[in-house]
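Asker: Numbering (numbering that gives the first Met the number 0), first residue to last: 0 to 374.
Could you have a look at this structure, given as structure tokens, before my questions?
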Amino acid sequence: MKEIRVADHMKFVKKSAIRQLVDSAPADAINLGLGEIQFPLPEFLKQKAAEIINFKNIGYSTNAGLIELRKAICDYYQCEFNDNVCITAGAEEALFAALFSYINKGDEVLIANPTFLAYKTIVEMLGAKVSSFSLDPQNEFALNENSLRIAITDKTKAMILCNPSNPLGIALNDHEIDLIIDICRKNKILIIVDEVYRELFLDERSRSFLDTDLDTIIISSLSKSHCMSGWRIGWAISQKSELIAPIIKTHQYICTCAPVISQFLALEALSIEGMQAKEEIRIKLAENRKFAIDYLSNANIEFLLNSSSPYLFVKVNGDDWKVAEALSKMGVIVIPGSAFGSNGKGFVRINYGIESDKLSKSIIILAKFQKEIIL
Ligand SMILES: Cc1ncc(COP(=O)(O)O)c(C=O)c1O
0 MKEIRVADHM KFVKKSAIRQ LVDSAPADAI NLGLGEIQFP LPEFLKQKAA EIINFKNIGY
60 STNAGLIELR KAICDYYQCE FNDNVCITAG AEEALFAALF SYINKGDEVL IANPTFLAYK
120 TIVEMLGAKV SSFSLDPQNE FALNENSLRI AITDKTKAMI LCNPSNPLGI ALNDHEIDLI
180 IDICRKNKIL IIVDEVYREL FLDERSRSFL DTDLDTIIIS SLSKSHCMSG WRIGWAISQK
240 SELIAPIIKT HQYICTCAPV ISQFLALEAL SIEGMQAKEE IRIKLAENRK FAIDYLSNAN
300 IEFLLNSSSP YLFVKVNGDD WKVAEALSKM GVIVIPGSAF GSNGKGFVRI NYGIESDKLS
360 KSIIILAKFQ KEIIL
């Protein structure tokens, strides 16, 4: 039989570094590595989910999603509804659909170093090239303007930003946002901003690019804000419906429509009560953060002070991969910073969105390890 070979673009699809680490850890390891907030679904949403199963007819929705939900998302951003939203199966699908809709083979796409891992893989799967700009580790990971300007060529088509950042837990300041918009507008670069962590702010919600720039596509979801990762609801939104129309077409051929049972629950999540439930998650995360940063500070361990949950970027002694591997054997999973780009070298990312007893146990192990072992 003729050999059956996978498609050439599959060479860019590798098991992520995060998965490899998680899969090799002991079964009872405490996982500070995953991107998920490990709190249960809020009680209010659990009850609403049961009502939806009992009383709603769950068929297909229109490709772009239930109109009530698309309107609720526009209300959330305080923008007008004009067919400018596509509801997707999580932010991940929105990212894929957006990039598939705009990126040609041979295009270049700007991404930050360090940033969320998926962007690079999707860009490369589409036959395009990633061009990185620096968030400067010597300057608390502020945007390095020069490196951004240098990264732009006449092939640059788009930029993907994660704001607030995974893995850094910090958001761009007003100056950085204005500068990015100015540079991208002058060079006709499409800006796509992944804002999945925006609702988990500590003091102040970061500015959405949607309020600032007409030509930006915003990606977000309820996975983090409402602990609804398994319900798979995300969206792409822009002020301009013509920017979203191609994404709706792509989305139709990926999954027809986002899970409708989840779309009904998303409507509840965006209601006043749903947003109150989200507040409880945010407050619980802030309590966990207080424990983590107090403990690390008392142990003289350096970390980047975050402005949004759930990540802390913690400085380590020596090689971050070796530290992560050693910690994993000791029962605590963390992600080496350089998995997110070379500028993350010398750090590990921890997610403090887990139950507090597990958090305290794992932070104690991390601090002890840092004190005693140099790799
Ligand atoms: C920055 C970022 N974007 C997107 C996603 C995917 O989110 P979703 O579950 O909504 O697909 C994640 C998940 O970890 C993430 O960290």
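We put the CB at the ideal spot given by N, CA and C, even for glycine.
Note that the structure is a prediction, hence the values are computed from the model and not measured.
Can you check which of these residues, VAL5, SER15, TYR351, is closest to ILE121 by C-alpha distance?
Answerer: When only C-alpha atoms are compared, the closest one is SER15.
Asker: Kindly indicate which three-state DSSP category ASN287 falls into: helix, strand or coil?
Answerer: ASN287: helix per DSSP, three-state reduction.
Asker: Give me the residue from ASP356, PHE312, GLY330 with the minimum Cα distance to THR114.
Answerer: Nearest option by C-alpha distance: PHE312.
Asker: How about ILE334 and LEU20: are their beta carbons less than 8 Å apart?
Answerer: Yes; because the gap between Cβ atoms is below 8 Å, this pair is in contact.
Asker: Is there at least one non-hydrogen atom of ligand 1 closer than 7 Å to the beta-carbon of ALA157?
Answerer: Flag unset: Cβ of ALA157 not near ligand 1.
Asker: Under 6 Å, CB to any heavy atom of ligand 1. Which residues pass, going along the chain?
Answerer: Result: GLY34, GLY89, ALA90, GLU91, PHE115, CYS161, ASN165, ASP193, VAL195, SER220, SER222, SER228, GLY233.
Asker: In terms of residue numbering, what span does the beta strand (DSSP E) encompassing THR87 cover?
Answerer: Unbroken beta strand (DSSP E) run through THR87: 84-87.
Asker: In angstroms with no decimal places, state the Cα-to-Cα distance between LYS321 and LYS357.
Answerer: Looking at the two C-alpha atoms, the distance is approximately 23 Å.
Asker: Between the beta-carbon of ILE182 and the beta-carbon of LEU209, is there less than 8 Å?
Answerer: No, these two residues do not count as a Cβ contact at 8 Å.
Asker: Given that a residue counts as buried once 16 or more other Cβ atoms are within 10 Å of its Cβ, and exposed if not, what is PHE346?
Answerer: PHE346 comes out buried.
Asker: Can you name, in chain order, every residue of its own chain whose Cβ lies under 6 Å from the Cβ of ALA80, other than the five neighbours on each side?
Answerer: The residue asked about is misnamed: residue 80 is Phe in this sequence, not Ala. Around PHE80: LYS70, CYS73.
Asker: Would you identify the three-state DSSP class for ASP319, choosing helix, strand or coil?
Answerer: Here ASP319 sits in helix by DSSP.
Asker: Find out if the Cβ-Cβ distance for the pair ILE188, MET158 is shorter than 8 Å.
Answerer: For ILE188 and MET158, yes; Cβs fall inside 8 Å.
Asker: Would you tell me roughly how many angstroms separate the C-alpha atoms of CYS85 and ALA366, rounded to the nearest one?
Answerer: For CYS85 and ALA366, the distance between alpha carbons rounds to 44 Å.
Asker: Going by the beta-carbon positions, is the gap between LEU31 and ILE353 smaller than 8 Å?
Answerer: Yes, the pair counts as a contact, with Cβ atoms nearer than the cut-off.
Asker: So ILE218 and GLY233 are supposed to be a Cβ contact under 8 Å. How far apart are they, rounded?
Answerer: Right, the Cβ-Cβ distance comes to about 7 Å (below 8 Å), so this counts as a contact.
Asker: Here's a check: name, in chain order, each residue in its chain whose Cβ is nearer than 7 Å to the Cβ of PHE11, leaving out the five neighbours to either side.
Answerer: Excluding positions up to five away in sequence, the list reads THR120, GLU123, MET124.
Asker: Buried or exposed: which applies to LYS47, given that a residue is buried once 16 or more other Cβ atoms fall within 10 Å of its Cβ?
Answerer: So LYS47 counts as buried.
Asker: So who's on the other strand from LYS314, going by DSSP bridges?
Answerer: The partner list for LYS314 (beta bridge, DSSP) reads PHE346.
Asker: Apart from the five residues just before and just after LEU167, which ones in its own chain have a Cβ nearer than 8 Å to its Cβ?
Answerer: Within the same chain, LEU167 has close Cβ partners PRO113, LEU134, PHE140, LEU303, ASN305, TYR310, PHE312.
Asker: Could you say which of ILE349, ASN316, SER361, SER337 lies nearest to GLU371 if we only look at CA atoms?
Answerer: GLU371 has its Cα closest to that of ASN316, out of ILE349, ASN316, SER361, SER337.
Asker: For the 8 Å Cβ check, are there 3 or more pairs between the stretch 265-272 and the stretch 125-132?
Answerer: No: the two stretches stay apart, fewer than three of their Cβ pairs being nearer than 8 Å.
Asker: DSSP beta-bridge partners for SER361?
Answerer: DSSP lists no partner for SER361.
Asker: From ALA394 to ASN299, what distance separates their C-alpha atoms?
Answerer: Look at the range of the chain in this structure, 0 to 374, and you will see that residue 394 is not part of it.
Asker: My parser needs the alpha helix (DSSP H) runs of 4 or more residues fully inside the stretch 45-128; what are they?
Answerer: Runs found: 66-76, 89-101, 117-124.
Asker: May I ask you to verify whether the stretch 192-211 touches the stretch 57-69, counting CB pairs closer than 8 Å and requiring at least 3?
Answerer: The stretch 192-211, when compared against the stretch 57-69, does not touch it at the 8 Å Cβ threshold.
Asker: For LYS248, report the span of its beta strand (DSSP E) as first-last.
Answerer: That residue, LYS248, is in no beta strand (DSSP E); its alpha helix (DSSP H) goes 240-254.
Asker: Report the residue ranges of all alpha helix (DSSP H) runs contained in full by the stretch 166-201; include only those spanning at least 4 residues, in chain order.
Answerer: Complete alpha helix (DSSP H) runs here, min 4: 173-185.
Asker: Are the Cβ atoms of ALA90 and LEU160 separated by less than 8 Å?
Answerer: Contact flag unset, no.
Asker: For a test of the three-state rule: what should DSSP assign to PRO163, helix, strand or coil?
Answerer: Correct three-state label for PRO163: coil.
Asker: Using beta-carbon positions only, say whether GLY330 and SER337 come within less than 8 Å of one another.
Answerer: Cβ atoms of GLY330 and SER337: not closer than 8 Å.
Asker: Buried or exposed: where does ASN350 fall if 16 or more other Cβ atoms within 10 Å of its Cβ makes it buried?
Answerer: Buried: at least 16 other Cβ atoms inside 10 Å.
Asker: Which whole-angstrom value describes the C-beta separation of LEU109 and ASP193, a residue pair presumed to lie in contact below a C-beta threshold of 8 Å?
Answerer: With 8 Å as the limit, LEU109 and ASP193 do not qualify as a contact, their Cβ atoms being about 13 Å apart.
Asker: Starting from ALA265, trace the alpha helix (DSSP H) in both directions and tell me its first and last residue.
Answerer: From DSSP, the alpha helix (DSSP H) with ALA265 extends over 259-268.
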